[in-house]
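Note that the working numbering has the sequence shown beginning at 119, numbered continuously upward. Read through the structure below, which is laid out as C-alpha cells, and then see the notes.
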Amino acid sequence: MSSSPRRRLLAYFARRPAAGSWALLTPGLLWLAAFFAVPLVVLLAYSVMHRGTYWGVAPGFTLEHYRRFLDPLYLAIAWRTLWIALATTGLCLVLSYPVAYVIARAGRWRNILLFLVILPFWTSFLIRTYAIIVLLRGGGVVNSTLMGLGLTSAPLELLYTPGAVLAGLVYGYLPFMVLPIYASLERLDLDLVDAAEVLGARAFARFRRVILPLSLPGVAAGSLLVFIPSLGAFLTPDLLGGAKTMMLGNLVQNQFGPARNWPFGAAVSFALMGVVMVGLLAWLRVRDAEAAA
119 MSSSPRRRLL
129 AYFARRPAAG
139 SWALLTPGLL
149 WLAAFFAVPL
159 VVLLAYSVMH
169 RGTYWGVAPG
179 FTLEHYRRFL
189 DPLYLAIAWR
199 TLWIALATTG
209 LCLVLSYPVA
219 YVIARAGRWR
229 NILLFLVILP
239 FWTSFLIRTY
249 AIIVLLRGGG
259 VVNSTLMGLG
269 LTSAPLELLY
279 TPGAVLAGLV
289 YGYLPFMVLP
299 IYASLERLDL
309 DLVDAAEVLG
319 ARAFARFRRV
329 ILPLSLPGVA
339 AGSLLVFIPS
349 LGAFLTPDLL
359 GGAKTMMLGN
369 LVQNQFGPAR
379 NWPFGAAVSF
389 ALMGVVMVGL
399 LAWLRVRDAE
409 AAA
C-alpha cells in the first residue's frame, strides 16, 4: 500500500474511532460466535431434550438429566474432580513459585531456564502422559529404583491411582503456573525489597509483605490456568487412573461416546461450567473488594 492510501485509511479510522474499533473486532467476534457461542447454545438445547432411541437427542423438554446429576454416584465423581483439581493447583503453586523466582533473578541464564520450562510443549501431551506410565508401572523406573535401593521388596501399585492422576496433571500443567508467576516477579521493583531490608525486615518478612503481595496477580492467573483445565481433564485420568479414578471429563466423554447419552453428557458439561463460573465470580468479587479496600 502506498503512503497516500495508507494516510487516508488512518485518517478515516482517526475520524471514526468507533467504526474502526468494531471493524478490528469483527473477525474475532465472528470466530467466537461460530465456534463458541453457537456450539454452546446447541449443547444447552441438548441438555434439556430427551435421549434418542439409539444415539443423539429426541424432541421434547426435560430437566431429568440435571436431576440425575444429583445422584450420589455422580456427586462423588464431582467431589473427586474438585479435590484433584484443587490439589493439582496447590502442588503446581508450591513447586512453581521457587522456580519462577529463580528464573526471574537468573540474569544471563534467564532465557535458557525459560526455554527449559517451555520445552515440554514441543512434545505431544499424549506422549508425555505415556512417559508417566513408563515411570510408574510395575516394572517402571520408579519401582525398579526403589527395589534396587532395597527400599521395597515388591513393586508398588503406583499406576491407576489418584496419586498417578495427580502426578500426571501436575507434570502437564506446571508450566502454566510458572510463566504467569515469572511475569509478575520479573517486573518486581527490587528497590522495594531493598527498602524493606534497610527498614529491618528479615527474609521471610520481605517475602510475605513485599514480594508475595506484588506477585499475587501472577499467582491468580496461574491458578486459573491450572485449575480450570484440571476440572475438565479426561485424557490423564483415563490413562493414569483407569476406571478407579473417573473424573467429570471422563464422564462427559463416556456419555458422548460409548453410552450414547448426549443429553446427560451436555447436562454434566453445563453443571461443570456452572461450578467454574460461580468460582470465577466469587474470586472476582473478593479481588474487587480487596482492591477497593
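Just so it is clear, CB atoms sit at the ideal spot from N, CA and C, and this is done for glycine as well.
| Query | Result |
| --- | --- |
| Is residue 187 near residue 370, with beta carbons less than 8 Å apart? | no |
| Decide if residue 119 is buried, meaning its Cβ has at least 16 other Cβ atoms within 10 Å, or exposed. | Any reading at residue 119 must be qualified, since the residue scores a pLDDT of 49, below 50, and its modelled position is unreliable; no value is offered. |
| With a threshold of 8 Å, are at least 3 pairs of Cβ atoms found where one atom belongs to the segment 376-395 and the other to the segment 229-243? | no |
| Beta-carbon separation of residue 180 and residue 166 under 8 Å? | yes |
| For residue 357 versus residue 247, is the C-beta distance shorter than 8 Å? | yes |
| By the 10 Å Cβ neighbour count, where 16 or more other Cβ atoms means buried, how is residue 402 classified, buried or exposed? | exposed |
| May I ask you to list the residues that DSSP assigns as paired with residue 175? | 169 |
| Taking residue 204 as the reference, which of 343, 388, 190, 368 has the closest Cα? | 343 |
| Pick helix, strand or coil for residue 401, following the three-state DSSP scheme. | helix |
| Looking at the structure shown, is residue 185 part of a helix, part of a strand, or coil, going by DSSP? | helix |
| Determine the DSSP secondary structure at residue 320, reduced to helix, strand or coil. | coil |
| Cα separation between residue 111 and residue 381? | Because the chain here runs from 119 to 411, residue 111 falls outside it and cannot be looked at. |
| Kindly provide the ranges of any alpha helix (DSSP H) runs that are 4 or more residues long and lie completely inside the segment 267-350, ordered along the chain. | 280-304, 308-316, 321-324, 330-349 |
| From this set, 221, 353, 363, 364, which residue's C-alpha is nearest residue 243's C-alpha? | 353 |
| Between 323, 383, 389, 209, which lies nearest to residue 168 when the distance is taken from Cα to Cα? | 383 |
| Taking the alpha carbon of residue 389 as the reference point, which residue from 140, 288, 195, 220 has its own alpha carbon closest? | 195 |
| Quick check: the segment 333-352 against the segment 258-269, are at least 3 beta-carbon pairs closer than 8 Å? | no |
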